[in-house]
Amino acid sequence: TQLLEQSPQFLSIQEGENLTVYCNSSSVFSSLQWYRQEPGEGPVLLVTVVTGGEVKKLKRLTFQFGDARKDSSLHITAAQPGDTGLYLCAGGHDYKLSFGAGTTVTVRA
Amino acid sequence: DSGVTQTPKHLITATGQRVTLRCSPRSGDLSVYWYQQSLDQGLQFLIQYYNGEERAKGNILERFSAQQFPDLHSELNLSSLELGDSALYFCASSVASGDGYTFGSGTRLTVV
Numbered sequence: 223t224q225l226l227e228q229s230p231q232f233l234s235i236q237e238g239e240n241l242t243v244y245c246n247s248s249s250v251f252s253s254l255q256w257y258r259q260e261p262g263e264g265p266v267l268l269v270t271v272v273t274g275g276e277v278k279k280l281k282r283l284t285f286q287f288g289d290a291r292k293d294s295s296l297h298i299t300a301a302q303p304g305d306t307g308l309y310l311c312a313g314g315h316d317y318k319l320s321f322g323a324g325t326t327v328t329v330r331a
Numbered sequence: 087d088s089g090v091t092q093t094p095k096h097l098i099t100a101t102g103q104r105v106t107l108r109c110s111p112r113s114g115d116l117s118v119y120w121y122q123q124s125l126d127q128g129l130q131f132l133i134q135y136y137n138g139e140e141r142a143k144g145n146i147l148e149r150f151s152a153q154q155f156p157d158l159h160s161e162l163n164l165s166s167l168e169l170g171d172s173a174l175y176f177c178a179s180s181v182a183s184g185d186g187y188t189f190g191s192g193t194r195l196t197v198v
């Protein structure tokens with residue numbers, strides 16, 4: 223059983239469309255991070271959120287941390303083929319980071 | 087280049103054998119983490135070292151062991167290998183626990 227549940231598992235959209243990926247847990251986290259992983263490579267950190275209700279924007283990506291620090295969402299506006307990848311959320315507790323199973327995003331040109 | 091170096095990149099070995107995976111963390115990072123990634127399990131935390139000391143343990147089998155040396159590089163030893171140990175093994179580093187992780191490119195282990 224995953225500590226962090228991500229949905230949807232797969233997402234395929236057309237270039238220019240918007241998408242949202244969700245990350246939910248019954249546990250409270252001191253911080254939550256989002257990573258993107260491309261085939262054959264390690265995950266790359268996109269953002270860290272630490273405060274309940276926090277919203278961070280990174281160009282076309284918007285990250286939100288839930289008020290209770292148990293859930294988070296990643297919204298991509300006007301998706302591009304370069305956004306294709308596996309998006310992973312990770313929650314920090316007890317000196318370690320636990321990862322969700324990830325959402326595979328495919329953006330078609 | 088993320089700054090975290092993992093060697094080798096690929097490893098093919100037979101069941102029952104022992105292998106050692108090596109990781110050099112990003113310069114200045116004191117924490118090293120090992121993760122196993124397989125298709126059905128996702129990224130599973132194995133073990134963390136901080137400045138040479140074991141800090142946290144996850145789902146690490148007894149056949150697996152790790153250490154962090156004084157120069158902060160780390161090694162993950164996998165013994166009595168089974169087919170099910172085939173996976174990508176990632177090393178990550180951070181300045182301190184709770185910071186964002188920098189991952190290496192991984193070692194793809196295939197046990198035949």
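Respectively, the protein sequence lines represent chains A and B.
So the first sequence is numbered by my numbering: it starts at 223 and just counts up by one.
So the second sequence is numbered by my numbering: it starts at 87 and just counts up by one.
Don't be surprised by glycine CBs; every beta carbon is placed ideally from N, CA and C.
Note that the structure is a prediction, hence the values are computed from the model and not measured.
Distance cutoff 7 Å, beta carbons only. Does glycine 114 of chain B sit that close to anything in chain A?
no
At least one CB of chain B closer than 7 Å to the CB of phenylalanine 321 of chain A: is that the case?
yes
In terms of residue numbering, what span does the beta strand (DSSP E) encompassing tryptophan 155 of chain B cover?
Position check: residue 155 of chain B holds phenylalanine in this sequence, whereas tryptophan was assumed. Note, phenylalanine 155 of chain B: premise wrong, no beta strand (DSSP E); not H, not E.
Taking 6 Å as the cut-off, is the C-beta of leucine 310 of chain A nearer than that to any heavy atom in the ligand MN?
Judged by which ligands are present, the structure shown has none, so any question about the ligand MN falls away.
Bridge partners - serine 179 of chain B, DSSP secondary structure assignment
B/Val118, B/Thr188
I believe proline 111 of chain B touches leucine 158 of chain B by the beta-carbon criterion, under 8 Å. Please report the beta-carbon distance rounded to the nearest angstrom.
6 Å
Assuming alanine 173 of chain B and glutamate 161 of chain B are in contact, meaning their beta carbons sit under 8 Å apart, how far apart are those beta carbons, in whole angstroms?
17 Å between Cβ atoms; not a contact.
On the DSSP letters alone, give me the boundaries of the beta strand (DSSP E) that threonine 106 of chain B sits inside.
105–110
Starting from the beta carbon of glutamine 255 of chain A, find every residue of chain B whose beta carbon is closer than 7 Å, and list them in chain order.
Gly186
Proximity below 7 Å, CB of threonine 193 of chain B to CB of isoleucine 98 of chain B
no
Name the DSSP beta bridge partners of leucine 283 of chain A, please?
A/Leu280, A/Ile298
Tell me which residues share the same chain as serine 320 of chain A and place their Cβ nearer than 7 Å to its Cβ, disregarding the 5 neighbours each side in the sequence.
Leu225, Leu226, Ala312, Gly313
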